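Inspection log for the structure reproduced underneath, given as structure tokens.
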Amino acid sequence: MNKKGNVGFCLLLVVVFLCSACSSKRDMTKVNWNTFTANQLIKEVRNNELKYNTLQAKFNAKLTYDNNDFNMRGQLRMKNDSVIWMSLSVMLGIEVIRVKITSDSVFMINRTKNQYLTAALDSFRDDFPFIESVGFIQDVLLGNDTQLEKGGDFKVSTGEDCYYLISNKKYKKSVKNNDDDKIMIKSVKIHPELFKIMAYEIKEYNEEKIKIDIGYSDFMNIYEHRMPLRVKLDVNGPVQLKMNIEYSNVVIDNDVEFNFNVPKKYERLYKW
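Each residue of the sequence shown is one higher than the last, beginning at 3 in the working numbering.
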């Protein structure tokens, strides 16, 4: 694999990280189902999302990519709507990749290749156009959705054990990229009692079709709100990828550092 391929693959592990449905075993026949408008249901979801200024956690992850399985562990640190920092390690806790994502840039150290990269966040949208911002990536990691739009873009339906928010219009979200309109539609599955997002389905249509399924389960109390301890990601399109993530040792609103020191002898790469 050439340098571009190596770095691209490593960033793929992180950015799409960038990104279990309805698995509760409770008797949902006892749920007091309410009739919600889309705006009312969105308000309930927003009221029950995890509120934080900073967050840190440990995680284990299993990635399936290119017919290969990879087991990883790592640390995650975030400042809300500002910074994502991750350290990925393999056996014996040896760090192999360190990443920092800011509002406009991605920085990565690849210790296996003695390389580091600095790139604009926008440069990843050719391959991952659903990545709108650092806040969007944080939402995917935590099961929040701070960008749910109010108004007539969504309709509400009821499943056997969840509510659905489904975009009414295929042109609900359009991303301008290289003068081509890329159309995204989204459906959101919501727990009827916790009002937590249980699953996403995101579809993008342009020259190539991309479908992303994200599931959240095992909700844990974090102070006054809940956070999913398990995240399941499935990407189908030009990139075929599956990832299962399990969080532990979650702490919010403590002081965190985002150390990112590049060894002097490392080779700099400008794009992946």
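Each residue gets a CB set at the ideal place from its N, CA and C atoms; glycine is no exception. Owing to the predicted nature of the structure, the values given are computational and were not obtained by experimental measurement.
Practice item. Please go through the segment 64 to 149 and give each complete alpha helix (DSSP H) segment of 4 or more residues, from N-terminal end onward. Key: Listed in chain order, they are 136 to 144.
Check your understanding: CA-CA distance, residue 188 and residue 147?
Key -> Residue 188 and residue 147 have their alpha carbons spaced roughly 12 Å apart.
**Study point:** Close Cβ partners of residue 67 (< 6 Å) along its chain, the five nearest in sequence each way excluded
**Key:** Only 243 meet the Cβ criterion.
Exercise for review: For residue 339, collect the residues of the same chain with a Cβ closer than 8 Å to its Cβ; drop the 5 residues on either side in sequence, then sort them by chain order.
Suggested key: No statement about residue 339 is possible, as the shown extent of the chain runs from 3 to 274 and does not include it.
**Study point:** Cα-Cα separation between residue 256 and residue 221, rounded to whole angstroms
**Key:** A straight line joining the alpha-carbon of residue 256 with that of residue 221 spans about 21 Å.
**Study point:** Residues that residue 221 bridges to, as DSSP identifies them
**Key:** DSSP lists 230 as partners of residue 221.
**Study point:** residue 100 vs residue 107 beta-carbon contact at 7 Å
**Key:** Inclusion of residue 100 and residue 107 in the CB contact set at 7 Å is not warranted, their separation being larger than that value.
Point to revise | Helix, strand or coil at residue 213 [DSSP, three-state] | key: When secondary structure is reduced to three states using DSSP, residue 213 falls in the strand class.
Check your understanding: How is residue 52 classed by DSSP in three states: helix, strand or coil?
Key -> DSSP, reduced to helix, strand and coil, places residue 52 outside both helices and strands of the structure shown, so it counts as coil.
Review point. What distance in whole Å lies between the Cβ atoms of residue 271 and residue 123, which are believed to be in contact at a cut-off of 8 Å?
Key: About 16 Å; that fails the 8 Å criterion.
Practice item. Name the two residues that bound the continuous beta strand (DSSP E) containing residue 269. Key: Unbroken beta strand (DSSP E) run through residue 269: 269 to 271.
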